[in-house]
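Participant: The following block contains the structure, expressed as structure tokens.
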Amino acid sequence: MSDVMEKTLSALPSLLSLDPGAKLSAASKLGALIRGVTELASKQDEEKLIKKELAALKEQVSAPTTSLKQMRECLVRLIYCEMLGYEASFGYIHAIKLAQQGSLMEKRVGYLAVSLFLSESHELLLLLVNTVLKDLQSTNLLEVCMALTIASQLFPPDMIPAVLPLVEEKLQHSKEIIRRKAVLALYKFYLIAPNQVQHIHDKFRKALCDRDPGVMAASLHIYLLLIKENPGGYKDLTRSFVTILKQVVGGKLAVDFNYHSVPAPWLQIQLLRILRLLGKDDQITSELMYDVLDESLRRAEINHNITYAILFECIQTVYTIHPKADLLEMAAKCNGKFILSPKINLKYLGLKALSYVIQQDLNLVLQHQMTIIECLDHSDPIIKRETLELLYRITNAQNVAVIVQKMLDYLRQSKDEYITISLVGKVAELAEKYAPNNEWFIQTMNAVFSVGGDMIPSDIPNNFLRLLAEGFDDEVEDEQLRLYAVNSYLALLEKSNIQYPQRFLQVMSWVLGEYSYLKTEAKVEDVIRSLHCLLVKSSVSLETKAWILNAITKLFRLTLNVEVLPEVMQTCGNSMDSCLRQCSFELKQLVENREIMNTVLPLDKSCDDIVVDASLSFLDGFVADALGGGAAPYKPHHQRQEEKLSQEKVLNFEPYGLSFATSPQTSSVTGRQSPTGLSFSSEISCNSTEAGLKDSDSLKLDGVKKVWGKEGYLRKKKESKEETVASPNSEGDVTADCTFTAEKTAGLSAEEREKQLLASSLFVGLGSNNLVNLMGKTQSTTQKFRRKSKIVEGQNSHERTMSAQKAIVPPLAEIPSLMDNVLERCNPFQESKENLLRKTTSDPPDVSSEEPAKESGESWTPSNNLQTSRAVPSSKESVSGLFADGNFDIVQPANCSSALVAREPISGLTPSLPVELAEHSHSKFELVCANENIALFSCKVWKADCLLIILFFTNRSSIEVTNATINIALTDGLEACESTDFPFPLVESLTTVRCQLCLQMTKPCARVLLTGCVMYHLESSQCTQEEFALALFLTDFIRPLKLSTEEFGHLWLSLSNDVKQNLSFTSNSPEALNLALRTLQQELKLHIVDIIGAEGIAACQLLSSTSCLLHCRFHAGVLSVWLRSGCGVLPDCLLYECQRVIRKVPL
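Per my numbering, the very first residue in the sequence shown carries number 698; after that it's consecutive.
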């Protein structure tokens, strides 16, 4: 027993005053209350006691004679009452007062009560801000610690800017406990408002190198989040993390960090997770951590739960990073101990780790196949479920039937909704990928619908029906699949006294309504009667009855016999549900008019696209007549809301609340011309049809290549060359395997022989010549049931051109399988592309460092590397509807060529800009990476519509460079117009070539790190790779937005995301406002709209079209800054830039 526990137990008698003769103190009052509650026999008695106690406490805290010490005692009892679930809101304000006014002990109790009473959204929290600010500046360490704790626990995002500068200062405090709490506070701030702390990432690096292990350990929490979002931005810290882990494993930390003789186990776990993220798919980085992982596996030999946790993290790391044979073998041995352990927890860890192991070594699964078979019948449901998850990952075409049957058996026994939803999705996916024939596929899906019931997600039956409708390229196979489904469902409907789930009935009714005509020997009237029997059942829901009635409507197109129609009308025509009544009357009208029925319900046309005129151009004439008759023009919803609010106000206190004169232009209307601009043409012509089709909710398949066929996904030629598909075992091999298995199981008992046969069925096809489904890896067996993509015939000429330019347009992503929720659509680039320019330059200027106006140093910003460039909207689409009336003079993005590559060499080795780019504002040249053979320079060109990054690749060697490529990894906040890969087949000796990248910022961020690599060959040598990083700033993407004062006021009211901040000035000069705005205009590229007295307004936009407005008011040495934008993140980022600039204003 530890010393702390012994001291606690020895102090409890005096704390609770168990001695009857002791003097009654505050602690004894709390002890008496606790004893009184524990001695009660019912909940009603407890409520009476607590209500009586709360009444006495309310009277005591409200008395003016109550001292701070007595208030502290009352709050302790109030905390206990709140812990029991009784509201004591009358004491909240007294807790805040105690934290503000009391001494150290009272302040401590006040802060404790506030942290337990209040939440982040509580209105009383505002009263605590000044107290926290005062305590953060205190010289008392305990007060600073309490303020940091309460700020990290309670402060919402809008209060963070008030305390953030003071918390930053505490990172340099002399006491380690203050630095540690400051790091944890910043960690909490990063969780709830990452954009507000992104400018201090360099200070996190100092915390990582702090001399105190506690501060260093606290910084790992932040780095774990940052590296999850952008592993490539922190590769340079790998050596630091490896060094820290070596010191921890080697026992270099103090003994206080040990837990059961294990050195700092939680610190080891954090570091292993970080190394796992850094080393994934990176051989160079992985090689740095091989030694420390080997040492971690060797030292973790103590039989304790914390050691098992470290081993599990080690196994995950070893099998995630670039593989090494020795480490894989050691990790496999450790995992084998887990799997063979009789302890359930360790067995679970072993099965969990196997899902990582099988990515590298399938033989390990074969070594433990009998243990896995035993786990299928384990009494613990968690073990059984994890075993099924493992089997799901090793499924192939040869063992799919056995594994799916095991999953269905488990589903029939399970009552857990979450497990049911998860497993039915996996079964449906396996059935689609590896179905051996049509019969097995339909029977398996029927079992999924029956066992899963109404808990299965709606996308499973929807995707199943879509697969039946779209079919394959072979029409004969399509008909066989649909015919078997029809026969199956008719047989199921013939069975009486069986209640099917609602989703299963919906699937049945749709299939029978669409494809019953395939079964020629069955009478349509019999099918209609079978479906009608379902309509009269009370167990069938109204939604399912609507499906059934629609199926009956489709079946009436196949027969002229309408004898059953009166019965259907009697059943649904008088229904209380309006949908059923409408469908029944539509059925009656369609039966009476066969010509309309054949037009509306064509045979087997369920996959045909329905052309919808989304612009409603057929109403243009009606609208024109109404406007001509004096009707008011249409106003958008937001404009009507603004006018309504302005009319309700007696006095308008909103700044710039000017008149709303933004109604659509109502010029004279003639003919069928659309006055509202809602349609693309005056009539339902070819153009309007195309527009309607594009704006509809149907799948946009314009330009989609045919990538699905009878054999599944038609791989590209390049992929087919790189990937080798293992051939299935020959008949002779299978026979030999069966003979060997029979000889092996001859001498075993009946139970053991049964397990051996089950193992041979489950793990068949896992040899070295077979590939399995391992977490998204390529399959050796093609997917049998795959949806084929249909190419929309109405492709326009631009899309055909785009699809033809394979070198420019990135390849389409793979179409997802049946279990995917939706088909993702990729919008093609709408703006026109200029041809790639190839020019040479001469007379280069001297190369110097980066522009001094920009802050030096690297920025470390959380971001995700993307593998493909994103589409850039056109200039028309990028402008929101707010600017559609043409009242504003806004800089619009122009068409630009974003991948200009200088194929011809530039004279000399020093880079220079071409004439057309040198006219624009640009930075100086910066050396981003270099070695003895090559050098890479960069230059920023700030164009009006984008930021151009010009990269100069210089061959310094005396031989030619071949197959050079510059690869740039974009973060999730940046967007490029073209590909980010720039190839140079040949770069001659002592020459320079260039390329350029056009960037726009889609997600505002103060700093972004643009990373990439340069790969090249020197003659016949191996490929050499150099990595580089380039810091980009928010100000690189800010451009002025020219507005009038009236336009500013209208736009101000339409924006909803704002942030306010008071900035202190050291001068009360009347010219301070002018000087501040001029400085902001120069540094941040703002447009000053107007300055009136002590107030000023300015406007800017983030490329390409995200506007941000700024209102400044100067009074008593304080500059109040108010920012508004349509983007929720941009005001915060721009406020930080304003703070940085204002600090430089010379006053």
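The beta carbon of each residue, even a glycine, is placed where N, CA and C say it ideally should be.
If you're wondering where the values come from, they're calculated on a predicted model, not measured in any experiment.
Using alpha carbons as the reference points, say which of Gln1095, Val1097, Thr1068 and Ala1094 lies closest to Glu1083.
Facilitator: The residue you call residue 1083 lines up with position 386 of the sequence shown. Ranking the options by Cα distance to Glu1083, first place goes to Thr1068.
Participant: Leaving out five residues before and five after Asp1058 in sequence, what residues of the same chain have Cβ atoms less than 7 Å from its Cβ?
Facilitator: Here the question's residue 1058 lines up with position 361 in the sequence shown. Counting only Cβ-Cβ distances below 7 Å, and skipping sequence neighbours, we find Leu1025 and Ala1029.
Participant: Assuming the contact rule is C-beta atoms closer than 8 Å, Ile1665 and Thr1677 should be a hit. Round their C-beta distance to whole Å, please.
Facilitator: Working through the sequence shown from its first residue, we reach residue 1665 at position 968. Working through the sequence shown from its first residue, we reach residue 1677 at position 980. About 4 Å; that satisfies the 8 Å criterion.
Participant: Using beta-carbon positions only, say whether Ala1323 and Cys1280 come within less than 8 Å of one another.
Facilitator: In the sequence shown, counting from the first residue as 1, residue 1323 sits at position 626. In the sequence shown, counting from the first residue as 1, residue 1280 sits at position 583. No, these two residues do not count as a Cβ contact at 8 Å.
Participant: Between the C-alpha atoms of Ile847 and Glu770, what's the straight-line distance to the nearest angstrom?
Facilitator: Residue mapping note: residue 847 aligns to position 150 of the sequence shown, counting from 1. Residue mapping note: residue 770 aligns to position 73 of the sequence shown, counting from 1. Answer to the nearest angstrom: the Cα atoms are 21 Å apart.
Participant: Which class does Arg1278 belong to by DSSP, given the choice of helix, strand or coil?
Facilitator: Reading the sequence shown from its first residue, position 581 is the one you call residue 1278. Looking at Arg1278 - three-state DSSP - the assignment turns out to be helix.
Participant: Applying the 10 Å Cβ sphere with the 16-neighbour rule, what's the burial state of Val1815?
Facilitator: By one-based count along the sequence shown, residue 1815 stands at place 1118. Exposed, because fewer than 16 other Cβ atoms sit within 10 Å of the Cβ of Val1815.
Participant: Hey, His1848 and Ile1100: beta-carbon distance below 8 Å or not?
Facilitator: Since the first and last residues shown for the chain are 698 and 1844, residue 1848 lies out of range.
Participant: Would you please state the rounded distance, in angstroms, between the beta carbons of Asn1032 and Ile1012? I believe it to be under 8 Å.
Facilitator: Position 335 of the sequence shown holds residue 1032. Position 315 of the sequence shown holds residue 1012. About 5 Å; that satisfies the 8 Å criterion.
Participant: Output the distance between the C-alpha atoms of Gly1746 and Tyr884, rounded to the nearest integer angstrom.
Facilitator: As a first step, residue 1746 is located in the sequence shown; it is residue number 1049 there, counting from the start. As a first step, residue 884 is located in the sequence shown; it is residue number 187 there, counting from the start. Between Gly1746 and Tyr884, the C-alpha separation is close to 38 Å.
Participant: According to DSSP, is Ile1849 helix, strand or coil?
Facilitator: Because residue 1849 is not part of the residues shown, which for the chain are 698 to 1844, the question remains open.
Participant: Going by beta carbon distance, what residues of the same chain come within less than 6 Å of Leu1180, once the five residues before and after it are set aside?
Facilitator: Position 483 of the sequence shown, counted from the first residue, corresponds to residue 1180. Result list for Leu1180: Leu1215, in chain order.
Participant: When DSSP builds the beta bridges, which residues end up paired with Met1698?
Facilitator: For the purposes of this step, residue 1698 is identified with residue 1001 of the sequence shown, where counting begins at 1. Looking at the DSSP assignment, Met1698 forms a beta bridge with Leu1671.
Participant: Within a Cβ cutoff of 7 Å, which residues of the same chain sit near Phe1201, ignoring the five residues on either side of it in sequence?
Facilitator: Walking along the sequence shown from the start, residue 1201 turns up at place 504. Phe1146 and Ser1147.
Participant: Give me, in chain order, the residues of the same chain whose beta-carbon lies closer than 8 Å to that of Leu781; leave out the 5 immediate sequence neighbours on both sides.
Facilitator: In the sequence shown, counting from the first residue as 1, residue 781 sits at position 84. Taken in chain order, the residues that qualify are Val734, Glu743 and Ile747.
Participant: Can you list, in chain order, the residues of its chain whose CB lies under 7 Å from that of Val1054, leaving out five sequence neighbours each side?
Facilitator: For the purposes of this step, residue 1054 is identified with residue 357 of the sequence shown, where counting begins at 1. Contacts found: Tyr1016, Ala1029, Asn1032 and Leu1061.
Participant: Less than 8 Å between the beta carbons of Glu1834 and Leu1731, yes or no?
Facilitator: On the sequence shown, residue 1834 is found 1137 positions in, with the first residue counted as 1. On the sequence shown, residue 1731 is found 1034 positions in, with the first residue counted as 1. Result yes, Cβ atoms of Glu1834 and Leu1731 sit closer than 8 Å.
Participant: At which residues does the alpha helix (DSSP H) containing Leu1246 begin and terminate?
Facilitator: Sequence index remark: in the sequence shown, residue 1246 carries index 549 (1-based). Counting along the chain, the alpha helix (DSSP H) containing Leu1246 begins and ends at Leu1239 to Leu1252.
Participant: Give the DSSP bridge partners of Asp1678, in chain order.
Facilitator: The count along the sequence shown starts at 1 and reaches residue 1678 at position 981. Bridge partners of Asp1678: Asn1664.
Participant: Got a sec? Which residues, its chain only, sit under 8 Å from Met1294 by beta carbon, not counting five neighbours each side?
Facilitator: For the purposes of this step, residue 1294 is identified with residue 597 of the sequence shown, where counting begins at 1. Answer for Met1294: Phe1253, Arg1254, Leu1287 and Val1288, listed in chain order.
Participant: Does the stretch 1216 to 1232 touch the stretch 1184 to 1199, meaning 3 or more C-beta pairs lie closer than 8 Å?
Facilitator: Yes, they touch.
Participant: I'd like the span of the alpha helix (DSSP H) that includes Thr1268, first residue to last.
Facilitator: Working through the sequence shown from its first residue, we reach residue 1268 at position 571. Start and end: Leu1262 to Cys1269.
Participant: For Tyr931, name the three-state secondary structure that DSSP assigns.
Facilitator: Translated into positions along the sequence shown, residue 931 becomes position 234. Here Tyr931 sits in helix by DSSP.
Participant: What is the residue span of the beta strand (DSSP E) that Asn1759 lies within?
Facilitator: What you label residue 1759 is simply residue 1062 of the sequence shown in a count that begins at 1. Element bounds for Asn1759: Asn1754 to Ser1761.
Participant: Using the rule of at least 16 other Cβ atoms within 10 Å of the residue's Cβ for burial, across every protein chain shown, is Gly1709 buried or exposed?
Facilitator: Reading the sequence shown from its first residue, position 1012 is the one you call residue 1709. Taking all protein chains shown into account, Gly1709 has 16 or more neighbouring C-beta atoms within 10 Å of its C-beta and is therefore buried.
Participant: Count Cβ pairs between the stretch 838 to 847 and the stretch 874 to 894 that sit closer than 8 Å; are there 3 or more?
Facilitator: yes
Participant: On the DSSP bridge list, what partners appear for His1808?
Facilitator: What you label residue 1808 is simply residue 1111 of the sequence shown in a count that begins at 1. Answer is Ile1794 and Trp1819, bridged to His1808.
Participant: Threshold first: 3 residues or longer. Then list the beta strand (DSSP E) segments lying entirely within the stretch 1065 to 1104, N to C.
Facilitator: For the stretch 1065 to 1104, not a single whole beta strand (DSSP E) run of length 3 or above is found.
Participant: Could you check what DSSP says for Ala1641 in three-state terms: helix, strand or coil?
Facilitator: Along the sequence shown, read from residue 1 onward, the residue named residue 1641 stands at position 944. Ala1641: coil per DSSP, three-state reduction.
Participant: Measuring straight from C-alpha to C-alpha, what distance separates Leu822 and Arg1090?
Facilitator: As a working note, residue 822 is residue 125 in the sequence shown. As a working note, residue 1090 is residue 393 in the sequence shown. Cα to Cα, Leu822 sits roughly 50 Å from Arg1090.
Participant: Return the chain-ordered list of same chain residues with a C-beta closer than 8 Å to the C-beta of Leu1277, the five sequence neighbours on each side being excluded.
Facilitator: Against the sequence shown, residue 1277 aligns to sequence position 580. Within its own chain, the residues whose Cβ lies closer than 8 Å to the Cβ of Leu1277, once the five positions on either side in sequence are excluded, are Leu1239, Lys1242, Ala1243, Leu1246 and Cys1269, listed in chain order.
Participant: Can you tell me where the alpha helix (DSSP H) with Met1273 in it begins and where it stops?
Facilitator: To locate residue 1273, count along the sequence shown from 1; it is residue 576. Counting along the chain, Met1273 falls outside any alpha helix (DSSP H), and DSSP gives it neither H nor E.
Participant: In terms of residue numbering, what span does the alpha helix (DSSP H) encompassing Met802 cover?
Facilitator: Numbered from 1 along the sequence shown, position 105 holds the residue referred to as residue 802. Leu801 to Phe814 is the span of the alpha helix (DSSP H), which, as asked, contains Met802.
Participant: Quick one: is Gln980 buried, meaning 16 or more other Cβ sit within 10 Å of its Cβ, or exposed?
Facilitator: Residue numbering aside, residue 980 sits at position 283 when the sequence shown is read from its first letter. It is exposed - the Cβ of Gln980 has fewer than 16 other Cβ atoms within 10 Å.
Participant: What separation, rounded to the nearest whole angstrom, lies between the Cα atoms of Gln1177 and Thr1217?
Facilitator: For the purposes of this step, residue 1177 is taken as residue 480 along the sequence shown, with counting starting at 1. For the purposes of this step, residue 1217 is taken as residue 520 along the sequence shown, with counting starting at 1. Approximately 13 Å, taken between the alpha carbons.
Participant: Taking the alpha carbon of Pro1039 as the reference point, which residue from Leu975, Asn1290, Leu861 and His1075 has its own alpha carbon closest?
Facilitator: Looking up residue 1039 in the sequence shown gives position 342. It is His1075.
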